[in-house]
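Participant: For the sequence shown, numbering that gives the first Met the number 0 gives the first residue as 0, with consecutive numbering after it. All C-beta atoms in this analysis are idealised placements derived from N, C-alpha and C, irrespective of residue type, glycine included. Please see the structure below; I have some questions.
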Amino acid sequence: MRFPRPTVRIRLTLLYGSLFLLAGIVLLVATHVLYREALDKDEFEEKRAFYAEEQVKAAFGDRLPSGKRLREFTTRDGRTIFKFVEDVNDKAVDDAVDDALREQLAQSGIALGFTTVGALLLGWLVAGRVLRPVQRITETARASSETDLHHRVGLEGPDDELKELADTLDSLLEALERAFSSQRAFSANVSHELRTPLAILRAEAEIKLADPDATQSEHDFARRILDSTEQGERTVDGLLALARSESGLLSRVEVDLAELTGDVVGDLAASANQVELTLDLGEATAWGDRALLERLVANLVENAIRHNVQGGWVRVEVAQEAGEAVLRVGNSGPRLTPEEVDAFFEPFVRRQESGAGRDGLGLGLSIVRAIVHSHGGTVSARARRDGGLGVEVRLPRDRES
């Protein structure tokens, strides 16, 4: 069983507590050693008998016995007398010293335990205060990546490493905001500049096709121009959709995915006359950009219809599972390898063979992936054993997801 990795705040708290406990243990050991030396038996006895022995020497002079030690006694009537004894009761002194040392060690250990708990609590508070700017930076970065790039940290305080990090992030967000604004403006300009000549070509080709005096070769040439124009328009639309989806969401609303999918499939049903189209729409809602989600569903269903076989089938399912809106699109078709499936999510990668429809641009699934990622969801695809492809999209149901 793998335990979750502790947060930085927990690690800092444990570090503070461990350092305090280590310093406390060192101090406790040093105090114990010094206390034991202070209660050394020989020094204790010498200090206790020093003055009495000096008084006896002054009274008796050289008549003091050698090899004996002086001890102080108190008689029943309260008088103090001194006797020289050969057998000194060292065990009683040792026991008293050991008791004092054990008591000192126990009391110090209890005090160290209480102060360590207090140090951990204090370390938790201090770590939270130290990491508060980091949490603010994280929240700003998360909000900017999910909604827009107008958020700034704006950290105030001393000019330290954390403020430098916050100022660097603010500068990065400002640069990204300018870059995304330029990209949106560029996409809009490109759309206008490319659509205008394509529209002119389309109009000229349609006029020539409607001209009854045009020759057959002119009709064929106009038809090729019209097909190429339609191909160019679809390429421009795909590139703009890909650029928009990779730029992030401009709006986020609650979308009924089942209703949206039903509307999109209804519009595409006419192009599915060669395949059997099945719908299974359960209740499912997701937060996101409705226009991008429509493009997501349309791309998946169009791909499933286009890359199919004569008399094949397409199944579209919408469901709500584990707090997520789930869209599944499966189809029959040619057999695929896992390597081919992975490559389909790259731009301009096409299938080697098409079945029931026109060749694609190789942008469908790459746009799908970009849209899903911009919504904070996941997309996966697998090759079916009998041929065809199964794609599953999972989108967050909650707005904050």
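Enumerated in chain order, which unbroken segments of the beta strand (DSSP E) with a length of 3 residues or greater are wholly contained in the segment 193 to 275?
Facilitator: Complete beta strand (DSSP E) runs here, min 3: 252 to 255.
Participant: Does the contact criterion of 3 or more C-beta pairs under 8 Å hold for the segment 312 to 331 versus the segment 369 to 389?
Facilitator: With the cut-off at 8 Å, the segment 312 to 331 and the segment 369 to 389 touch.
Participant: State the DSSP-derived secondary structure class of A283, mapped to helix, strand or coil.
Facilitator: For the purposes of this step, residue 283 is identified with residue 284 of the sequence shown, where counting begins at 1. In this structure, A283 counts as coil in the three-state DSSP scheme.
Participant: If we ignore side chains and look at the alpha-carbon of each, how far apart do S107 and R101 end up?
Facilitator: Walking along the sequence shown from the start, residue 107 turns up at place 108. Walking along the sequence shown from the start, residue 101 turns up at place 102. Approximately 10 Å between the Cα atoms of the pair.
Participant: So, using beta-carbon positions, are G23 and G122 closer together than 8 Å?
Facilitator: As a working mapping, residue 23 is identified with position 24 in the sequence shown. As a working mapping, residue 122 is identified with position 123 in the sequence shown. Cβ distance not < 8 Å, so G23 and G122 don't count as in contact.
Participant: Would V296 and V263 qualify as a contact pair, given that the criterion is a beta-carbon distance under 8 Å?
Facilitator: As a working mapping, residue 296 is identified with position 297 in the sequence shown. As a working mapping, residue 263 is identified with position 264 in the sequence shown. In this structure, V263 lies closer than 8 Å to V296 by Cβ.
Participant: Comparing C-alpha positions only, which one of G117, L291, R393 sits nearest to A321?
Facilitator: Locating residue 321 in the sequence shown gives position 322, counting from the first residue. Answer by Cα proximity: R393.
Participant: Residues in the same chain with beta-carbon distance under 8 Å from T214, minus the five sequence neighbours each way, listed in chain order, please.
Facilitator: As a first step, residue 214 must be located in the sequence shown, where it is residue number 215. So no residue of the chain qualifies.
Participant: Within this structure, are the beta carbons of V254 and V313 separated by less than 8 Å?
Facilitator: The count along the sequence shown starts at 1 and reaches residue 254 at position 255. The count along the sequence shown starts at 1 and reaches residue 313 at position 314. Not in contact: V254 and V313 (Cβ atoms no closer than 8 Å).
Participant: Kindly identify the DSSP beta-bridge partner or partners of W312.
Facilitator: For the purposes of this step, residue 312 is taken as the residue at position 313 of the sequence shown. In DSSP, W312 forms a bridge with E275.
Participant: Kindly indicate if chain C contains any beta-carbon less than 8 Å away from that of R194.
Facilitator: Any reference to chain C falls outside this structure, which holds one protein chain only.
Participant: Which word fits H149, buried or exposed, when buried means at least 16 other C-beta atoms lie within 10 angstroms of its C-beta?
Facilitator: Taking the sequence shown and counting its residues from 1, one reaches residue 149 at position 150. Answer is exposed; the Cβ neighbour count stays below 16.
Participant: Name the DSSP bridge partner or partners of S379?
Facilitator: For the purposes of this step, residue 379 is taken as residue 380 along the sequence shown, with counting starting at 1. The partner list for S379 (beta bridge, DSSP) reads E391.
Participant: Can you tell which of F113, A283, D94 has its C-alpha closest to the C-alpha of L20?
Facilitator: Looking up residue 20 in the sequence shown gives position 21. Residue F113 is the option with its Cα nearest to L20.
Participant: Taking Cβ to Cβ, would you say K207 is nearer than 8 Å to A221?
Facilitator: In the sequence shown, counting from the first residue as 1, residue 207 sits at position 208. In the sequence shown, counting from the first residue as 1, residue 221 sits at position 222. Cβ distance < 8 Å, so K207 and A221 count as in contact.
Participant: Who pairs with Q319 in a beta bridge, going by DSSP?
Facilitator: Counting from 1 along the sequence shown, the entry for residue 319 is found at position 320. A324, per the DSSP bridge assignment.
Participant: May I ask you to report which of helix, strand or coil DSSP gives G332?
Facilitator: Locating residue 332 in the sequence shown gives position 333, where the first residue counts as 1. Note: G332 maps to coil in three-state DSSP.
Participant: Would you give the residue range spanned by the alpha helix (DSSP H) that D341 belongs to?
Facilitator: If you number the sequence shown from 1, residue 341 lands on position 342. That run of the alpha helix (DSSP H) goes 337 to 342.
Participant: Would you kindly check if the distance between the Cβ of L111 and the Cβ of L13 is under 8 Å?
Facilitator: As a working note, residue 13 is residue 14 in the sequence shown. As a working note, residue 111 is residue 112 in the sequence shown. In this structure, L13 lies away from L111, with their beta-carbon atoms at least 8 Å apart.
Participant: Does the pairing of the segment 160 to 172 with the segment 197 to 206 give three or more beta-carbon distances under 8 Å?
Facilitator: Contact fails: fewer than three Cβ-Cβ distances are below 8 Å.
Participant: DSSP three-state label for G112, please.
Facilitator: Counted from its first residue, the sequence shown places residue 112 at position 113. G112: helix per DSSP, three-state reduction.
Participant: Specify, as a first and last residue, the run of the alpha helix (DSSP H) that N302 falls within.
Facilitator: As a first step, residue 302 is located in the sequence shown; it is residue number 303 there, counting from the start. Taken as a continuous stretch (DSSP letters only), the alpha helix (DSSP H) holding N302 covers 289 to 305.
Participant: Measure the Cβ-Cβ separation of G287 and R233 and say whether it is below 8 Å.
Facilitator: Numbered from 1 along the sequence shown, position 288 holds the residue referred to as residue 287. Numbered from 1 along the sequence shown, position 234 holds the residue referred to as residue 233. No, they are not a contact pair.
Participant: If I measure Cβ to Cβ from D86 and keep anything under 6 Å in the same chain, skipping five residues before and after, which residues do I get?
Facilitator: As a first step, residue 86 is located in the sequence shown; it is residue number 87 there, counting from the start. Only weak support exists for where D86 lies, its pLDDT of 42 falling under 50; the coordinates are left without a value.
Participant: On a CA-only basis, which of R305, A105, A140 is nearest D169? Give me that one, please.
Facilitator: The residue labelled residue 169 in the question sits at position 170 within the sequence shown. Ranking R305, A105, A140 by Cα distance to D169 puts A140 first.
Participant: Out of R10, R368, L259, T260, which one is the CA nearest neighbour of V340?
Facilitator: Taking the first residue of the sequence shown as position 1, residue 340 is located at position 341. When only C-alpha atoms are compared, the closest one is R368.
Participant: Would you call the CB atoms of L154 and P132 closer than 8 Å?
Facilitator: For the purposes of this step, residue 154 is taken as the residue at position 155 of the sequence shown. For the purposes of this step, residue 132 is taken as the residue at position 133 of the sequence shown. For L154 and P132, yes; Cβs fall inside 8 Å.
Participant: Tell me the DSSP secondary structure of V367 in three-state form.
Facilitator: By 1-based counting over the sequence shown, the position of residue 367 is 368. Helix.
Participant: What is the rounded straight-line gap between the Cα of A268 and the Cα of L276?
Facilitator: If you number the sequence shown from 1, residue 268 lands on position 269. If you number the sequence shown from 1, residue 276 lands on position 277. A268 and L276: Cα-Cα distance of roughly 8 Å.
Participant: Checking 8 Å against the spacing of the C-beta atoms, do G311 and G332 come in under that value?
Facilitator: Numbered from 1 along the sequence shown, position 312 holds the residue referred to as residue 311. Numbered from 1 along the sequence shown, position 333 holds the residue referred to as residue 332. It is a contact, given that the beta carbons lie within the stated cut-off.
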